[in-house]
Structures are given as structure tokens and as C-alpha cells.
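Going by my numbering, the sequence shown opens with residue 15, and the numbers climb by one from there.
All C-beta atoms, glycine included, are put in the ideal place defined by N, C-alpha and C.
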Amino acid sequence: MLERSTARLRFRFFVAGSVLTMLVASAACGDDGASDGTNEGGTGGGGAQDGGGAGGTAEGGTGEGGSSEGGTNQGGTGAGGDVTGGGGEGGGPSVPDTVAPNLTVTGLEDGVLLRTARMRFEAAASDDVELARFGYVLNGQSETEIPIEQGMPSSTSVLDLRPTRGNNTLVVFAEDAAGNRTEVPLSARLTRSTAAGGAHTGVVANGQVIVWGRNNLTQLGLGPGDTTSRTTPVVVPGLSSITAIELRQNQSLALAQDGTLYGWGNNADGRLGLGAPGTPDTSNRDTPTPIAAFAGVLQVASGYDHTLVLREDGTVWSFGDNSMGQLGDGTTDDRSYPAAVMGLSDIIQVVGGSKHSLALGRDGTVWAWGRNEYANLGQGTTDEEPHMAPAQVPGLSGIVQLASGRDHVLALRDDGVVLGWGLNQNGQVGVGTSGVDADVLSPAEIALDGVVALIADGNYSFAVLDDGTAVGWGQNFNGQLGIGSDDTTERSAPSDPLLMTDVEEIDPGATHAVGVTNTGTVYTWGWSTNGSLGRADLLNNWAYPAPGLVTLP
15 MLERSTARLR FRFFVAGSVL TMLVASAACG DDGASDGTNE GGTGGGGAQD GGGAGGTAEG
75 GTGEGGSSEG GTNQGGTGAG GDVTGGGGEG GGPSVPDTVA PNLTVTGLED GVLLRTARMR
135 FEAAASDDVE LARFGYVLNG QSETEIPIEQ GMPSSTSVLD LRPTRGNNTL VVFAEDAAGN
195 RTEVPLSARL TRSTAAGGAH TGVVANGQVI VWGRNNLTQL GLGPGDTTSR TTPVVVPGLS
255 SITAIELRQN QSLALAQDGT LYGWGNNADG RLGLGAPGTP DTSNRDTPTP IAAFAGVLQV
315 ASGYDHTLVL REDGTVWSFG DNSMGQLGDG TTDDRSYPAA VMGLSDIIQV VGGSKHSLAL
375 GRDGTVWAWG RNEYANLGQG TTDEEPHMAP AQVPGLSGIV QLASGRDHVL ALRDDGVVLG
435 WGLNQNGQVG VGTSGVDADV LSPAEIALDG VVALIADGNY SFAVLDDGTA VGWGQNFNGQ
495 LGIGSDDTTE RSAPSDPLLM TDVEEIDPGA THAVGVTNTG TVYTWGWSTN GSLGRADLLN
555 NWAYPAPGLV TLP
């Protein structure tokens, strides 16, 4: 079972209205005021006063506890400052400001699983007197202040931050002129804990990579000379602190917390990126090998024979097969070492298909390059020419996530609309048609609501929904849609649900799939061959259309 730090971690988009709210008002007791951690206000005495004035009595304000919608975070508290006041006749203490600001954060659920390198949310702060400081702390770095209009009691800001790989921490804060402070702590994960390749499968658990399935090209990474397939899960030796894995066809990649990228298995065309300029390297690897050409990796994605890497600075790098220009370097030359893709910056996600590539910009634009035989590039046409540089997909804006199968593409828009284009012979685009002449040349709408994530590979697709269920469509003759029926006909539109609940992640391979729940339980389904489903009791070369439990070591 994969460990999880929260009871339920589910992805939400800002525009879909997922909400975490913390409204906190706390009172201090003069210089001695304190919070007992329950968000109940104290009663404060007056601060120091100079000057004469009308006699009077000052009582501290009473703070009220905060509440969190969609999360369990508690706001912090701040101490009240002294008040030095003049006044009229008679003298006497004045009323100190002991009430902390109100602070609300929406659009980012605590513990969320991020599918792209982006954390976007809205923060709103207000105070009963004057708001002095407003900002955030990301991953323990120094405070970043949000500009506010001095003297005003409130401020609202939409923030768009780039997370790091693995676990991220965020503290949003608001402080008033008297020094009272409210904090909302949040966490988010840029991780990927499941992956399926041609006929091998893997998960990340406790920082280790656990694999099973076909191993003819050492894609399991179990050591020198080991090409034996495994029908049950085994730990890949020599890896720790892994935050994400990527399996495709017969190659494997793993990303560590420190940004190091490892590769093993099939290295034809240099798809593992282990070469150097003037020194090509296409030898297979039987153990995980660091790709030493660069570090600072945020995300990795594979096509069938090429690899795409998103770095911390928002640039995209590539290596491997380049026969259709899928490396995006202006050539069709294979390359066994990483080099930058032309003309891309501020990218938040990369995905790869058979011989095409895509990148998602922070501004919601989509860029595509490589093969276009089946309208892979969404340009409204098909051709058999290589497309060697990224071109923007026309008519798309506000895109927040991408997925790609062999030769089809899916996109989720910020208003919840799902779009698809490309090869549609098996209904994998999901628009209700299929057949040899059914390819979708330009982005078309798919009838789906409540989508939080899209995933695709081969000739089929999945959507994870906001109620923890999932639905698939496309090719199904191996039971890869996981609907548990002897009916293995294709689905040309989303219909029958996956027989799995509390879904956190799904990753389809060529003809089988793996999924994990929000409690870390792992399931597999589809075509069983060479141990691809990780259960020793299953027949070889047989379809299993219902998800079955996988026991991890």
C-alpha cells in the first residue's frame, strides 16, 4: 500500500471552484495575550496610553475561531500591539487592536495532487482597522509580500506559483498594523506514483520504485544480466527519495527529490539521454543510471521512442528518436543527449505520443510538434511531413492540463470543458464516433463534467472525476477500460465507469492499466502478459477487464 499523508488527496482546479477557506480572528491579552491553538478569541486589556482625555475603560476584542471548507488547516495567531493615544479630558486606557486579520484562500485544496507545475489560487485578507502586510512563504523560503494599498482594510490577489517536485508547503499570511497575524498553511504534491509501459508496470512507495512485468530489455532495472520477467512486484535496487516515475514501451525513468533523473531499459535512438555531443550512447541499461547532462528536472514525459523533460526554469528539453521532428530542435536527427526545444518558455506540463510532443504554457496555450499523420498537432489538417518546431494549436485558450495517447490528444479547459483531437479509429478521442475515417482534425468537445484529470496511452483514454470515480473510452478488446464486463467492444464516448473508487491516479499502458486510490491501494487490469498485472495467479496472455488488487512488498 502506498503511504499517504492525508486521508483524501484529490486534485482540484481553481476555476472548478474547489475551496479551502480559513477565517480567523484572534484576540490577545495585552502583551500577555496568547492563543491556545483552538482559534478561540481571548479578552485583552488595554495597551499603554499617554495623554489626557475622557476617562474610560478599554476591553480587548473577542476573536472567533476559523473554519476550513475542503481542508483541515488552522489559522495562526498574532499578538496585539500597544496603543499610544491622546484624548480628551479625564485620561484612561484606550482600546487596543487585538483582532487578527481575516484570511481566505480559495482554489487550492490542502494536500492536492498537482498534475502540472503550477499552483494557482486566490487569497483575500481583511482587517477591522488596517491591513499592513500580506504575503506567502513557499517551501520554507523567505517571505514574499503581496503589494497592498496602504491604509486600506482589505486586499485580494490571485497568485500563480511554480512548485518544486515532490512535496510542497505553502503558508499564506496577513498582518495588521498592530502586529496581529493570521496564517493559512497548505500543502501540495507534484508527484507521479503510477506508470505502465508496453508490458511492465511500476509504482512509487516510500520513495522506492516497485516494478513488475516484462523484462526482456532490462526495463525493470534489476541488475546485470537479469532479463527475467516478474509476475509479482519487486523493488528496484539503488533508488531512494523518488517522487515520480515514467514508463513507456520498454524504457523506464525515475525522478528523485533532488532533481536527478534516472533511466534504464531500452536505449535505442538514445531515448535515455545518456550520451553527449559527439559521443552517442544507445546501449541498454540494466540498472538505473543518472542522466548527468542536466539537473533541476520538474517533470518527465515519454513518447514511444523519445523523452521530454520540463525543467525548473520552465524550459523543455528532449532526446531520443527524432524521425518526425518530435524533439523540436529544427532537425530530424536522433539525439542521445538532452538539448532545449526551440522557442518554449514558462511551460507547466509536457506530454508525448508515438512520434509527437506537446507542451502547455502557463498562459493556457498549447504547443505541438512532430508527427501529424492523424491530425496529432490539432492544426485542422493531416500530412506525413515532420514538424520540427513547436507550433501553437489554434483555437485553444485557458487549457490547464493535457494528455496524449499513441496518436490522439486530450485537453482540459479552465471552465471544465474537455477537448480532444487526433486518431479516432477506436473512439479514443471520445466524441461519439469511430472508424478509419473518423479522425478528429481540430479540438472537439467531449461530453464530460466534473473532470479533475485526464490520462491516455495507446488507443484509449481515462478521466478522473471530482467524486473519486473514473471513466474510460476507446479501445477495449483487452479489457483495458476496466469496466468488469465480458463486453470488450470499444467505447466511442465516456460511458461505463471504471470499477474502482476513491481514485487518485491512473496510468494506462499499451494494453493494460494501473491505478492507485487515495489510501495507497494499487489495482491493475487489462491484458496480462509477462506478469504485466503483477498478480501471480493470473493466466498469461489473457484479458482481465476488472481491476484486481496488487500486493506490494
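{"Asked": "Between Asn615 and the rest of its own chain, which residues show a CB-CB distance below 7 Å, the 5 nearest in sequence each way excluded?", "Found": "With the chain covering 15 to 567 only, the question about residue 615 has no answer from this structure."}
{"Asked": "What is the rounded straight-line gap between the Cα of Asp240 and the Cα of Asp300?", "Found": "7 Å"}
{"Asked": "Given Val443, which residues of its chain have a CB within under 6 Å of its CB, disregarding the five upstream and five downstream residues?", "Found": "His422, Gly434 and Val454"}
{"Asked": "Give a yes or no on whether the C-beta atoms belonging to Thr346 and Gly339 are separated by under 8 Å.", "Found": "yes"}
{"Asked": "At 3 residues or longer, and completely inside the region 166 to 245: list those beta strand (DSSP E) runs for me, N to C.", "Found": "168 to 175, 180 to 190, 195 to 204, 208 to 210, 214 to 219 and 222 to 227"}
{"Asked": "Please classify Gly104 as buried or exposed, where buried requires at least 16 neighbouring CB atoms within 10 angstroms.", "Found": "Residue confidence is low: Gly104 scores 46 on pLDDT, short of 50, so the model does not pin down where it sits. Its coordinate-derived value is still stated next. Looking at its Cβ environment, which holds fewer than 16 other Cβ atoms inside 10 Å, Gly104 is exposed."}
{"Asked": "Could you pull out every residue in the same chain whose Cβ sits closer than 8 Å to the Cβ of Ser499, ignoring the five residues on either side in sequence?", "Found": "Asp510 and Pro559"}
{"Asked": "Quick check on Asp283: does DSSP put it in helix, strand or coil?", "Found": "helix"}
{"Asked": "Please identify the residue among Leu275, Thr242 and Ser171 whose C-alpha is closest to the C-alpha of Glu136.", "Found": "Ser171"}
{"Asked": "So who's on the other strand from Val454, going by DSSP bridges?", "Found": "Gly436"}
{"Asked": "Out of Pro302, Ala210 and Gly227, point me to the one whose CA is closest to Gly237's CA.", "Found": "Pro302"}
{"Asked": "Rounded to whole angstroms, what's the CA-CA distance from Thr538 to Ala389? Just pull it up for me.", "Found": "31 Å"}
{"Asked": "Who are the Cβ neighbours of Pro304 in its own chain at under 8 Å, not counting the five residues just before and after it?", "Found": "Thr274, Leu275 and Tyr276"}
{"Asked": "Going by beta carbon distance, what residues of the same chain come within less than 6 Å of Ile256, once the five residues before and after it are set aside?", "Found": "Val218, Gly221, Val223, Ala268 and Ala270"}
{"Asked": "The beta strand (DSSP E) that contains Ile469, what's its start and end?", "Found": "Val465 to Asp471"}
{"Asked": "Distance check for Asn116 and Asp46, CA to CA, integer angstroms please.", "Found": "Residue placement at Asp46 cannot be trusted, given a pLDDT of 38 that sits under 50; what the coordinates show is reported in the next sentence. If you take the alpha carbons of Asp46 and Asn116, they lie about 22 Å apart."}
{"Asked": "Can you tell me the Cα-Cα spacing of Asp377 and Met133, whole angstroms?", "Found": "13 Å"}
{"Asked": "Under 8 Å by Cβ, that's how I've got Leu495 and Gly486 pegged, so tell me the actual separation to the nearest angstrom.", "Found": "4 Å"}
{"Asked": "Relative to the C-alpha of Phe333, which residue among Glu326, Ala290 and Gly419 is closest?", "Found": "Ala290"}
{"Asked": "Which term fits Gly394, buried or exposed, when burial requires 16 or more other beta carbons within 10 angstroms of its beta carbon?", "Found": "exposed"}
{"Asked": "Mark Leu563 as exposed unless 16 or more other C-beta atoms lie within 10 angstroms of its C-beta, in which case mark it buried.", "Found": "exposed"}
{"Asked": "Buried or exposed, going by whether 16 or more other CB atoms sit within 10 Å of the CB of Met402?", "Found": "buried"}
{"Asked": "Verify whether the separation of the beta carbon atoms of Gln265 and Arg285 is less than 8 Å.", "Found": "yes"}
{"Asked": "Flag this pair as touching only if the region 469 to 478 and the region 408 to 421 have three or more C-beta atom pairs under 8 Å; answer yes or no.", "Found": "yes"}
{"Asked": "What residue range does the beta strand (DSSP E) around Met402 cover?", "Found": "His401 to Gln406"}
{"Asked": "Could you tell me the distance, in whole angstroms, from the CA atom of Glu189 to the CA atom of Thr130?", "Found": "31 Å"}
{"Asked": "Going by C-alpha to C-alpha distance, which of Gly488, Ala425 and Leu324 sits closest to Ala458?", "Found": "Ala425"}
{"Asked": "For Thr525, count neighbouring Cβ atoms within 10 angstroms of its own Cβ and tell me buried if that reaches 16, exposed if not.", "Found": "buried"}
{"Asked": "Output the distance between the C-alpha atoms of Gly227 and Gly367, rounded to the nearest integer angstrom.", "Found": "22 Å"}
{"Asked": "Measuring straight from C-alpha to C-alpha, what distance separates Ile361 and Val380?", "Found": "9 Å"}
{"Asked": "Secondary structure at Tyr150, three-state DSSP: helix, strand or coil?", "Found": "strand"}
{"Asked": "Using three-state DSSP, classify Phe491 as helix, strand or coil.", "Found": "coil"}
{"Asked": "In angstroms with no decimal places, state the Cα-to-Cα distance between Asp501 and Asn490.", "Found": "9 Å"}
{"Asked": "Leaving out five residues before and five after Gly344 in sequence, what residues of the same chain have Cβ atoms less than 7 Å from its Cβ?", "Found": "Met356, Met402 and Ala403"}
{"Asked": "In whole angstroms, give me the CA-to-CA distance for Arg325 and Asp521.", "Found": "22 Å"}
{"Asked": "Once you ignore the five residues that flank Ala146 on each side, which residues in its own chain have a CB closer than 6 Å to its CB?", "Found": "Glu189, Asp190 and Ala191"}
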